[in-house]
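Working notes for the structure below.
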Amino acid sequence: MKKIILVAVLTFISLGVKAQDKVNWLSFEQAMEMSEKEPKPILVDIYTDWCGWCKKMDKTTYKNKVIIEYINTHYYPVKLNGETKHDITFQGKTFKYQAQGRRGYHQLAAAIMKGQLSYPSTAFFNTERQLLQNVPGYLEEKKFEKILAYFNKDNYKNMPWSEFEKNFKSAM
1 MKKIILVAVL
11 TFISLGVKAQ
21 DKVNWLSFEQ
31 AMEMSEKEPK
41 PILVDIYTDW
51 CGWCKKMDKT
61 TYKNKVIIEY
71 INTHYYPVKL
81 NGETKHDITF
91 QGKTFKYQAQ
101 GRRGYHQLAA
111 AIMKGQLSYP
121 STAFFNTERQ
131 LLQNVPGYLE
141 EKKFEKILAY
151 FNKDNYKNMP
161 WSEFEKNFKS
171 AM
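What follows is the structure in structure tokens.
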């Protein structure tokens with residue numbers, strides 16, 4: 001009987017650990033809906049299929065266990081293809097794919113990035129679903145951990161980035 005209980009406990013623990021082996025990505029619409037019901041900040045990873053730095057960030061930064069656990073615990077994470085062709089409604093406006101040459105862009109991605117189409121980009125929304133900041137470019141794990149913590153729990157309201165960064169204690 002003790003062996004059965006031990007096996008059950010170990011299985012349960014391993015399933016719990018396995019659940020944190022990847023970021024639990026949502027669609028933009030899902031995250032907004034979930035945040036409305038249970039407020040939490042929203043992180044939006046804006047990428048394209050052809051972007052090498054986006055793929056590198058997926059293989060490194062978004063595979064780091066500390067990053068995965070932090071994002072899954074504190075944010076509603078969204079993967080948004082900057083060239084997606086489906087319409088997205090946000091704050092009463094419908095954003096669409098905009099054809100442009102061989103490649104186009106999605107109007108929502110362009111709005112979040114304020115017209116500066118740079119991939120990857122990571123955008124942070126507060127619990128009221130308002131855009132706080134877009135951070136363009138590849139972010140390595142240690143820098144990304146600081147940025148995640150800064151935009152969580154209103155740290156960005158209480159102190160400037162330079163002071164926060166100086167006092168930040170990494171979990172890595």
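Residue 92 in the numbering used here sits at position 92 of the sequence shown, with consecutive numbering throughout. We treat Cβ as the ideally placed atom computed from N, Cα and C, and that holds for glycine.
Under the Cβ criterion (8 Å, minimum of three pairs), the segment 36-50 counts as touching the segment 71-86.
Between the alpha carbons of K37 and L26 lies a distance of about 15 Å. A distance below 7 Å between beta-carbons, with the five flanking residues on each side excluded, links L131 to the following residues of its chain, in chain order: I112, A123, F125. N81 carries a strand assignment under DSSP once its states are collapsed to helix, strand and coil. The residue among N167, L148, R129 with its C-alpha nearest the C-alpha of G92 is R129.
The criterion of a C-beta distance shorter than 8 Å is not satisfied by K153 and S170.
Judged by their CB atoms, T61 and F144 are nearer to each other than the 8 Å cut-off.
Going by beta carbons, Y156 and Y47 fall outside the 8 Å limit. Apart from the 5 residues on each side of it in sequence, D49 has no Cβ closer than 6 Å to any other Cβ in its chain. In this chain, K93 is not harboured by any alpha helix (DSSP H); it is covered by the beta strand (DSSP E) spanning 93-95.
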